[in-house]
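Counting in the numbering used here, the sequence shown runs from 285 upward without gaps. For every residue, glycine included, the Cβ atom is placed at its ideal position computed from N, Cα and C. Reviewing the structure listed below.
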Amino acid sequence: MGLREVKRERTRRLIADKAFELFNDNGFGRTTVEQIAAAAEVGPSTLYRYFPTKETLVLEFVDDCLAEAVNWFREQPELELPDGLRAVIERVLDQLESNPGRVRAVFELAEQTGSVSAHLNELIWRFRTDLADELTLRLPADGQSEFVAALSAGIAMNIIETVVRVWVETPGTTAAQPLARQAMDLLSTGGIPLPVAPDGVSDNSSHES
Numbered sequence: 285m286g287l288r289e290v291k292r293e294r295t296r297r298l299i300a301d302k303a304f305e306l307f308n309d310n311g312f313g314r315t316t317v318e319q320i321a322a323a324a325e326v327g328p329s330t331l332y333r334y335f336p337t338k339e340t341l342v343l344e345f346v347d348d349c350l351a352e353a354v355n356w357f358r359e360q361p362e363l364e365l366p367d368g369l370r371a372v373i374e375r376v377l378d379q380l381e382s383n384p385g386r387v388r389a390v391f392e393l394a395e396q397t398g399s400v401s402a403h404l405n406e407l408i409w410r411f412r413t414d415l416a417d418e419l420t421l422r423l424p425a426d427g428q429s430e431f432v433a434a435l436s437a438g439i440a441m442n443i444i445e446t447v448v449r450v451w452v453e454t455p456g457t458t459a460a461q462p463l464a465r466q467a468m469d470l471l472s473t474g475g476i477p478l479p480v481a482p483d484g485v486s487d488n489s490s491h492e493s
């Protein structure tokens with residue numbers, strides 16, 4: 285990373301940090317872009333170049349965690365898929381655990397503010413789509429690769445969401461990584477009661493006369 289990119293990243297991080305301080309002190313709705321820009325000692329136009337909306341300021345940390353995990357996975361072409369998915373999940377949670385206060389603040393703001401909640405859902409959907417696209421490229425082209433990839437990406441995101449919610453709601457009592465491993469072990473050993481077809485019923489029985 286060159287000097288210019290380092291400066292840009294430093295400015296971006298400063299703006300996001302100052303925004304969170306103001307959101308925590310004044311509330312999301314009562315904090316203006318002008319106040320955030322002044323706290324970060326940049327102009328409003330500079331702030332908008334980094335963050336087009338206040339919602340992107342709130343979710344910058346989560347967005348970075350999800351995007352970094354997918355980008356890392358793309359750079360591991362030789363990684364076996366089960367190991368890759370486990371690593372992606374653990375990578376996201378490791379990043380989120382590095383700043384628990386920010387994660388908990390994001391969840392609180394999402395519960396209080398509809399626009400933040402909607403933007404968080406967009407990030408989650410984008411992560412699932414990007415991960416599924418990468419999985420599709422690695423699965424055999426047998427006509428089911430996109431379906432299997434979408435299911436796998438959805439399961440990975442569901443594990444992350446469930447683990448983070450439990451972790452956020454029970455601070456100081458558990459860590460995210462062991463919860464994730466427990467969830468993945470339950471899936472691999474059949475400990476989660478997934479629905480199955482009744483004995484003797486095939487997947488095409490409904491089309492038989």
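Under the three-state DSSP convention, the category residue i falls into
i    : result
L363 : coil
D426 : coil
E453 : helix
D301 : helix
T458 : coil
G438 : helix
G286 : coil
G368 : helix
E492 : Residue placement at E492 is poorly supported in this model, since its pLDDT is 49, which falls under 50; the coordinates still yield a value, given next. In the structure shown, E492 sits in coil (DSSP, three-state: anything other than H, G, I, E or B).
I373 : helix
I444 : helix
I408 : helix
Best match in the options for proximity to residue i [C-alpha to C-alpha]
i    : options                : result
G385 : T420, W451, P479       : W451
R465 : L369, L407, D417       : L369
L243 : V387, L365, T446       : Summary: the structure shown does not reach residue 243, with the chain confined to residues 285 through 493, and so no result is reported for it.
I302 : T315, K291, R292, V290 : According to the sequence displayed, residue 302 carries Lys and not Ile. When each option's Cα is compared against that of K302, the closest is T315.
D417 : L343, A402, W409, A433 : A433
D378 : A321, W409, A353       : A353
A440 : N310, R412, G427       : R412
P361 : L306, P328, L421, V326 : L421
E381 : A460, L331, K291       : A460
R449 : L463, A437, L470       : L463
T397 : L331, G313, V290       : G313
K338 : A394, L350, E325, E359 : A394
P455 : E293, A389, D469, I443 : A389
R333 : E293, L287, S399, E445 : E293
E392 : G311, L363, L287       : G311
Whole-Å CB distance - residue i paired with residue j, under 8 Å assumed
i    : j    : result
F345 : N383 : 6 Å
L298 : L343 : Incorrect: roughly 17 Å between the Cβ atoms, too far for contact.
L435 : S429 : About 11 Å; that fails the 8 Å criterion.
L306 : V372 : That pair is no contact at about 33 Å.
V376 : I444 : 5 Å
First through last residue of the alpha helix (DSSP H) which encompasses residue i
i    : result
R386 : 384-396
P328 : 328-334
F312 : Careful: F312 lies outside any alpha helix (DSSP H) and carries neither H nor E.
T340 : 338-358
E318 : 317-324
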